[in-house]
Amino acid sequence: MNRIIIGVTSFQGDVEEHLLASKMALGRMGIEGDAVSVKTPEEIERVDALIIPGGESTVMGRLAFFSKSLELIRQRILEGMPVMGTCAGLIMLAKRVYDRVVGEKKQQLIGVLDVTVERNSYGRQRESFETLIDLPSLGVSGFKAVFIRAPTIVEAGPQVEVLARLAERPIAVMQDNIIGTTFHPELSGSTALHELLIKKAQAFRAK
Ligand code: GLN
82 MNRIIIGVTS FQGDVEEHLL ASKMALGRMG IEGDAVSVKT PEEIERVDAL IIPGGESTVM
142 GRLAFFSKSL ELIRQRILEG MPVMGTCAGL IMLAKRVYDR VVGEKKQQLI GVLDVTVERN
202 SYGRQRESFE TLIDLPSLGV SGFKAVFIRA PTIVEAGPQV EVLARLAERP IAVMQDNIIG
262 TTFHPELSGS TALHELLIKK AQAFRAK
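Set out below in structure tokens:
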């Protein structure tokens, strides 16, 4: 069986939208495969790529830890499994995290992406908004980016490629097999970032 399986972690957050966007991306690319929600180590072991959705990173981290999946996710990413973390999912992937108001909080992280992330970075006034962005290295323009109590990336290490910026700060980044966005690409209508993950999943599978 050569079907590509994209797993969406379902500890907490907007899982359904990512399942739909992944299925749509597979269809648009003409690739046999499926998107499934995953939670247990056994389920996570079987996927070719993983999406960690938006939601609430502290809750997500706790649930992933208690279901004994956090360490396996970290290991599989370090072994090269492609992963995309969006919003809270990006926070989970980051090596360094603090909250704009309450500062550093002990929270469970996967900690593989060399960035510093500020949680709830836009404050009350601009908690949620959407805007059109360009992803030049993907040849995409006018991508609708939806920000919901979004974080910002305040610092990125040298191996981190910035795919898009907003007001100087990176909002979409890539470090080898790891993709992170501060916004919600599953609400965009464009499946460009899901397609990027699927391409990485195909390459990972071919190894
Ligand atoms: N504010 C959330 C957090 O810090 C992230 C919000 C989101 O994922 N939409 O975890």
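Numbering (the numbering used here), first residue to last: 82 to 288. All residues carry an ideal CB built from backbone N, CA and C; glycine is no exception.
TODO: Thinking lysine 288 and proline 163 are a contact (beta carbons under 8 angstroms), I'd like their distance in whole angstroms, please.
DONE: Contact doesn't hold; Cβ gap of about 11 angstroms is too wide.
Open item on the list: Beta-carbon within less than 8 angstroms of glutamine 240's beta-carbon, same chain only, minus the 5 sequence neighbours each way: which residues are those?
Closed with: Asp195, Gln256 and Asp257
- [ ] Express the C-alpha separation of isoleucine 158 and glycine 204 in angstroms, rounding to a whole number.
- [x] 31 angstroms
- [ ] Starting from the Cα of aspartate 115, find the closest Cα among Val243, Gly88 and Leu151 and give me that residue.
- [x] Gly88
Task: Cutoff 6 angstroms; reference isoleucine 133; Cβ partners in own chain excluding five residues on either side - done: Thr90, Gly166, Gly170 and Met173.
Task: For threonine 139 and glutamine 188, believed in contact at Cβ under 8 angstroms, the rounded distance - done: 5 angstroms
Open item on the list: Ignoring anything shorter than 3 residues, give me the beta strand (DSSP E) runs that lie fully in the segment 218-281, in order along the chain.
Closed with: 221-229, 233-237, 242-247, 250-256 and 259-262
TODO: Work out the CA separation of asparagine 83 and arginine 109 for me, nearest whole Å.
DONE: Cα-Cα distance, rounded: 17 angstroms.
TODO: Quick one: using the 10 Å Cβ neighbour count with 16 as the cut-off for buried, is glycine 184 buried or exposed?
DONE: Result: exposed.
Task: Spatial distance of arginine 181 from glycine 111 (CA atoms) - done: 42 angstroms
Open item on the list: I want to know whether the segment 124-133 touches the segment 242-254 - three or more CB-CB distances under 8 angstroms.
Closed with: These segments do not touch.
Task: Exposed unless 16 or more other CB atoms sit within 10 angstroms - verdict on alanine 319 - done: Limits of the chain in this structure are 82 at one end and 288 at the other, which puts residue 319 out of reach.
Open item on the list: With a threshold of 7 angstroms (Cβ to nearest heavy atom), would proline 266 be considered close to ligand 1?
Closed with: no
Open item on the list: At 3 residues or longer, what runs of the beta strand (DSSP E) sit wholly inside the segment 128-202?
Closed with: 130-133, 164-167, 175-180 and 194-200
Task: CA-to-CA distance, threonine 262 to threonine 197, given in whole angstroms - done: 13 angstroms
TODO: Taking the CB atoms as reference points, tell me whether cysteine 168 and phenylalanine 92 lie closer together than 8 angstroms.
DONE: For the 8 angstroms CB-CB criterion, cysteine 168 and phenylalanine 92 do not form a contact.
Open item on the list: Are there any heavy atoms of ligand 1 lying less than 7 angstroms away from the beta-carbon of arginine 181, as far as the coordinates show?
Closed with: Because no heavy atom of ligand 1 lies under 7 angstroms away, the Cβ of arginine 181 does not count as near it: no.
TODO: Return helix, strand or coil for glycine 88, following the three-state DSSP convention.
DONE: strand
TODO: Compute the minimum distance between the beta carbon of alanine 169 and the heavy atoms of ligand 1, and state whether it is under 7 angstroms.
DONE: Relative to the non-hydrogen atoms of ligand 1, the Cβ of alanine 169 comes within a distance shorter than 7 angstroms of at least one.
Open item on the list: Quick check: does the Cβ of alanine 231 come within less than 7 angstroms of any heavy atom belonging to ligand 1?
Closed with: yes
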